[in-house]
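Colleague: Numbered by this note's numbering, the letters in the sequence shown go through residues 1 to 346 in order.
Supplied in structure tokens, the structure appears directly below.
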Amino acid sequence: MKELLQNAQHIVIFTHMAPDGDAMGSALALWNWLNVPEAQLNAAEPQCKRAGSASVHVIVPNAFPAFFNWMPGADKIHVYEKEHTACDVLIAAADLFICTDFNDPKRIGPMGDKMLANPCPKILIDHHLNPTDFADEIHSHPEASSSCEIVYKLLFGDQSAISNEVATCIYTGLMTDTGNFSFNSTRAELYDIIAELLRAGVQKDAIYDAVFNQYSEHRVRLTGYALYRKMRIYPEHHLALITLSADELEQYHYQVGDTEGLVNMPLQISDVYYSVFMREERAKPGTPKSRIRISFRSQGDRPVNIWASEVFHGGGHANASGGEIFGTIGQAVALFERTYKKYLKI
Ligand code: 5GP
Ligand code: MN
């Protein structure tokens with residue numbers, strides 16, 4: 001990886017659609033690490049030079065939630081949906097790609113084909129199962145809590161690379177991908193990493209506050225509405241479903257990220273082990289159908305990823321998956337009701 005970095009002049013870092021804290025954290029940790037001014041590097045150790053790069057850019061497929069705006073470097077991120085012409089130029093000119101927190105070019109939308117059209121080396125850093133075979137240098141660790149954990153190990157093997165910015169980005173991904181250390185977080189090693197990050201000056205309570213305690217009033221009321229009026233329980237299957245239409249979202253002034261985490265809430269009910277959330281995105285001009293974005297969560301030995309991939313064109317982790325259909329919420333619910341008995345254990 002060092003060799004690839006040293007030979008690179010124009011690095012582009014990608015992460016997945018609807019970026020979450022781990023996507024943002026892993027991409028920005030690398031961006032901050034690569035952007036260390038050369039003067040600050042250890043002159044005695046020329047191999048510490050991060051990259052021969054003249055430029056490093058992070059490109060995300062679509063907008064990220066405003067509660068990540070504070071992250072170091074977030075203001076420099078390019079959003080493909082908003083500036084695709086400029087991004088296409090960067091992608092075509094790149095001589096190294098780094099792909100974080102996704103396992104298939106499809107997860108970066110239309111940029112996937114553009115990346116593949118550029119034959120330059122590709123580095124994959126990810127914790128999803130079974131990456132497709134598109135990268136040259138693969139750091140795939142499904143046992144890791146998060147992609148940020150893998151970035152930590154790659155960068156901090158020698159302890160010399162810890163800056164507060166990098167550590168802050170990494171902590172954000174560890175925290176969000178484990179639900180503030182409530183799942184995927186039982187390995188003691190994770191807490192050794194956190195201890196190192198705290199020593200590097202990470203303000204963990206401030207990061208929690210920035211991500212989880214800065215919501216709008218509309219968002220909190222939307223959560224209340226969804227749980228009170230829109231949650232259906234299928235008791236014999238320990239299953240909950242929440243749907244929100246585009247009209248309902250508009251009524252609550254929906255902003256990107258406002259329903260983040262909502263799918264986990266029905267799992268707080270003692271007999272509910274599966275939870276599904278459907279959100280309607282109104283059809284874009286020129287396209288006939290709405291997109292229904294679907295999130296799946298489960299607890300314990302009850303995988304939802306097969307259901308997500310075979311029925312809803314998605315996939316993901318055993319206990320956290322996503323998918324989509326194009327049509328109405330009613331059609332998505334009908335498909336859900338026709339198939340859940342086949343895919344879910346009782
Ligand atoms: P979320 O419900 O937060 O959007 O997605 C949960 C997890 O499911 C993500 O971390 C990702 O691993 C996976 N995921 C979401 N959407 C898709 C998709 O369309 N395809 C695949 N393969 N995985 C997805
Ligand atoms: Mn992740």
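By construction, the Cβ of each residue, glycine as well, lies at the ideal position given by its N, Cα and C atoms.
Counting C-beta neighbours from all protein chains within 10 Å, is the total for Val-166 16 or more, i.e. buried, or is it exposed?
Modeller: buried
Colleague: Exposed or buried, what is Ile-346 when buried is set at 16 or more other beta-carbons lying within 10 Å of its beta-carbon?
Modeller: exposed
Colleague: If you reduce the DSSP assignment to three classes, tell me which class Leu-344 lands in.
Modeller: coil
Colleague: Cα separation between Asn-264 and Arg-297?
Modeller: Using only the alpha carbons, I get a separation of about 7 Å.
Colleague: Hey, quick one: how far does the alpha helix (DSSP H) through Gly-408 stretch, first residue to last?
Modeller: The chain is shown from 1 up to 346; residue 408 falls before or after that span and cannot be answered.
Colleague: Per DSSP, Val-311 forms a beta bridge with which residues?
Modeller: Answer is none; Val-311 lacks a bridge partner.
Colleague: Can Asp-104 be considered in contact with ligand 1, in the sense that its beta carbon sits closer than 7 Å to one or more heavy atoms?
Modeller: yes
Colleague: According to DSSP, simplified to helix, strand and coil, what is Ala-240?
Modeller: strand
Colleague: Taking DSSP as the reference, what is the three-state secondary structure of Cys-120?
Modeller: coil
Colleague: Between the beta-carbon of Ile-123 and the beta-carbon of Val-151, is there less than 8 Å?
Modeller: no
Colleague: Cutting at 7 Å between CB atoms, please list the residues of its own chain near Asp-22, excluding the five before and the five after it.
Modeller: Asp-101, Ser-146, Ser-147, Cys-148, Gly-173, Thr-176 and Asp-177
Colleague: Going by the beta-carbon positions, is the gap between Val-60 and Leu-28 smaller than 8 Å?
Modeller: no
Colleague: Are Ser-290 and Arg-282 closer than 8 Å when you measure CB to CB?
Modeller: yes
Colleague: Looking only at its chain, what residues have a beta carbon closer than 6 Å to the beta carbon of Pro-46, apart from the 5 residues adjacent to it on each side?
Modeller: Unreliable placement is indicated for Pro-46, whose pLDDT of 45 sits below 50; the coordinate value is still reported in the next sentence. None.
Colleague: Would Ile-233 pass as a contact of Ala-240 if the rule is Cβ separation under 8 Å?
Modeller: yes
Colleague: Select from Lys-342, Gly-261 and Glu-280 the residue whose C-alpha is nearest the C-alpha of Ala-246.
Modeller: Glu-280
Colleague: Nearer than 7 Å: is that true of the beta carbon of Asp-301 relative to any heavy atom of ligand 2?
Modeller: no
Colleague: Compute the beta-carbon to beta-carbon distance between Asp-104 and Pro-131, rounded to the nearest angstrom, for a pair I have assumed lies under 8 Å.
Modeller: 7 Å
Colleague: What residues does ligand 1 have around it, judged by CB closer than 5 Å to any heavy atom, in chain order?
Modeller: Ser-295, Gly-314, Gly-315, Gly-316, Ala-320, Ser-321 and Gly-322
Colleague: Can you list, in chain order, the residues of its chain whose CB lies under 8 Å from that of Pro-235, leaving out five sequence neighbours each side?
Modeller: Excluding positions up to five away in sequence, the list reads Asp-271.
Colleague: I need the DSSP call for Ala-318, collapsed to helix, strand or coil.
Modeller: Ala-318 falls in the coil class under three-state DSSP.
Colleague: Run the CB neighbour count on His-253, radius 10 Å, all protein chains shown included, and call it buried at 16 or more, exposed below.
Modeller: exposed
Colleague: Just verifying my parser: in three-state terms, what is the DSSP assignment at Pro-46?
Modeller: Confidence in Pro-46 is poor, its pLDDT being 45 and thus under 50, which makes the residue's placement unreliable; the coordinate value appears in the next sentence. Correct three-state label for Pro-46: helix.
Colleague: Who sits around ligand 2, taking every residue whose Cβ is closer than 7 Å to one of its heavy atoms?
Modeller: Asp-20, Asp-22, Ala-23, Asp-101, His-127, Ser-146, Ser-147, Gly-173 and Asp-177
Colleague: Can you name, in chain order, every residue of its own chain whose Cβ lies under 6 Å from the Cβ of Leu-90, other than the five neighbours on each side?
Modeller: Val-12 and His-57
Colleague: Just how far apart, CA to CA, sit His-16 and Val-276?
Modeller: 21 Å
Colleague: Please list the segments of the beta strand (DSSP E) lying wholly inside the segment 174 to 216, counting only runs of 3 or more residues, in order along the chain.
Modeller: none
Colleague: Evaluate Leu-198 with the Cβ neighbour count: other Cβ atoms within 10 Å of its Cβ, from every protein chain shown; 16 or more gives buried, anything less gives exposed.
Modeller: exposed
Colleague: What residue from Leu-249, His-84 and Asp-301 has the CA that sits closest to Met-278's CA?
Modeller: Cα-wise, what sits closest to Met-278 is Leu-249.
Colleague: Between Ala-54 and His-84, is the Cβ-Cβ spacing less than 8 Å?
Modeller: no
Colleague: From what residue to what residue does the alpha helix (DSSP H) around Thr-15 run?
Modeller: Run containing Thr-15: none in the alpha helix (DSSP H); it sits in the beta strand (DSSP E), 10 to 15.
Colleague: Are the CB atoms of Asp-88 and Lys-114 nearer to each other than 8 Å?
Modeller: yes
Colleague: Could you work out which residue in Arg-221, Ala-144 and Tyr-208 is closest to Arg-187 when comparing CA atoms only?
Modeller: Ala-144
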